[in-house]
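Numbering-wise (my numbering), the sequence shown opens with residue 520 and increments by one.
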Amino acid sequence: MLTIILLALMSAPADQVHWLRGNTHTHTLESDGDSTPEEVAAWYRAHGYDFLVITDHDKVTRLDGGSLILIPGEEITDRLPKKPLHVNAMGIGEAIPPQKGETTVEVLQRNIDAVLKAGGIPTVNHPNFGWAFGSAELLQLEGPMLLEIASGHPYVNMYGPPSIESMWDALLTAGRRVWGIAADDSHHLKRPWDSDVALPGKAWIVVRAAERSADAILASIRRGDFYASTGVEIADYTVTPAAMTVTVKAKNLARYRTQFIGSDGVVLGESGENPATFPLEGVSGYVRAKVIDSNGRVAWLQPYFVPAIVEE
Numbered sequence: 520m521l522t523i524i525l526l527a528l529m530s531a532p533a534d535q536v537h538w539l540r541g542n543t544h545t546h547t548l549e550s551d552g553d554s555t556p557e558e559v560a561a562w563y564r565a566h567g568y569d570f571l572v573i574t575d576h577d578k579v580t581r582l583d584g585g586s587l588i589l590i591p592g593e594e595i596t597d598r599l600p601k602k603p604l605h606v607n608a609m610g611i612g613e614a615i616p617p618q619k620g621e622t623t624v625e626v627l628q629r630n631i632d633a634v635l636k637a638g639g640i641p642t643v644n645h646p647n648f649g650w651a652f653g654s655a656e657l658l659q660l661e662g663p664m665l666l667e668i669a670s671g672h673p674y675v676n677m678y679g680p681p682s683i684e685s686m687w688d689a690l691l692t693a694g695r696r697v698w699g700i701a702a703d704d705s706h707h708l709k710r711p712w713d714s715d716v717a718l719p720g721k722a723w724i725v726v727r728a729a730e731r732s733a734d735a736i737l738a739s740i741r742r743g744d745f746y747a748s749t750g751v752e753i754a755d756y757t758v759t760p761a762a763m764t765v766t767v768k769a770k771n772l773a774r775y776r777t778q779f780i781g782s783d784g785v786v787l788g789e790s791g792e793n794p795a796t797f798p799l800e801g802v803s804g805y806v807r808a809k810v811i812d813s814n815g816r817v818a819w820l821q822p823y824f825v826p827a828i829v830e831e
């Protein structure tokens, strides 16, 4: 069903599809940021973002974003000794208190369940923040969720080892339909010269939505019709039963290489062409595309799960 929905939207006329850029992990003075919600929203609006999720710790911060689509959110801030265990809630009505628990898995699962019960989308944030948990714990979690595979925060150790991207591949290899997300986790506007603070504009997602609305954005995120980026811009992404094709919007005289990655994180193929195409014949499990430019910026596309061939 997911594939049918994705292909239907991919084949829609260009004037009926909106590419919308947004940040889904954002803090203000309402928790531990250094700027007011109005200042933060103004920064993202001025820098061309289409939507923003403010995720202050353990509260829902509300304001009028004007032309910037604001989606209510929260960072549920739970912990065990020496283990920060944070789950974002996107598209919720009221704040969700930390659900607590005796183990890492229990804490994360209870918070994921609470977000789902509230009608929101849960994101498991920055596993390597404080080296809190990894693939072993993630593989025990149940229910739909996003995983924060890339972050602009300087303390989250996204590259590991082990990298959070490798944790994503462990989940996908196990058959879990988990979408990868990139986010600023921004806290600071007042110190743009300081590389040791969490600045905005470092990582984001771009959603392909049927219209410019919070409901359409959330629906696209739920079905995985978006990509995560630290700077690479995707012009188009299509999947048919025969092939996966990625077209990059080239800029700044950069060169691009597209990796097609499958089970266990194995690179199945790599192309320097634009568009880059990978044949799906004979492939099992999943395939996801990752585009890396010559300046180190990256875009991660969501996985396509190859239908199993049933022998008669």
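Beta carbons: idealized from backbone N, C-alpha and C, even for Gly.
Under 8 Å by Cβ, that's how I've got residue i and residue j pegged, so tell me the actual separation to the nearest angstrom.
i	j	result
residue 758	residue 823	5 Å
residue 821	residue 743	4 Å
residue 569	residue 590	The Cβ separation is near 11 Å, so there is no contact.
residue 736	residue 539	6 Å
residue 584	residue 609	Rounded, the Cβ-Cβ distance is 15 Å, inconsistent with contact.
residue 645	residue 675	4 Å
residue 683	residue 639	With a Cβ gap of about 22 Å, residue 683 and residue 639 do not count as contacting.
residue 768	residue 754	4 Å
residue 715	residue 673	6 Å
Can you say whether residue i is buried or exposed, counting buried as having 16 or more other CB atoms within 10 angstroms of its CB?
i	result
residue 710	exposed
residue 761	exposed
residue 721	buried
residue 594	buried
residue 723	buried
residue 566	exposed
residue 746	buried
residue 704	buried
residue 530	Only weak support is given to the placement of residue 530: the predicted model assigns it a pLDDT of 41, under 50, and the question is left unresolved by the model.
residue 791	exposed
residue 748	buried
residue 819	buried
If the criterion is Cβ atoms closer than 8 Å, does the pair residue i and residue j meet it?
i	j	result
residue 728	residue 537	yes
residue 708	residue 553	yes
residue 637	residue 578	no
residue 794	residue 765	yes
residue 656	residue 606	no
residue 726	residue 740	yes
residue 700	residue 658	no
residue 732	residue 689	no
residue 580	residue 556	yes
residue 603	residue 561	no
residue 706	residue 576	no
residue 649	residue 601	yes
Taking C-alpha atoms, which residue in the options lies nearest to residue i?
i	options	result
residue 789	799, 778, 798	778
residue 641	650, 660, 816	660
residue 803	791, 565, 796, 825	825
residue 702	796, 559, 572, 586	572
residue 647	612, 755, 686, 618	686
residue 596	550, 730, 799	550
residue 763	618, 819, 770, 796	796
Can we say the stretch 809-818 touches the stretch 767-786, given the rule of at least three CB pairs closer than 8 Å? yes
Determine, using beta-carbon pairs with one atom in the stretch 657-671 and one in the stretch 783-794, whether at least three such pairs fall under 8 Å. no
Do the stretch 674-688 and the stretch 622-633 meet, that is, are 3 or more Cβ pairs less than 8 Å apart? no
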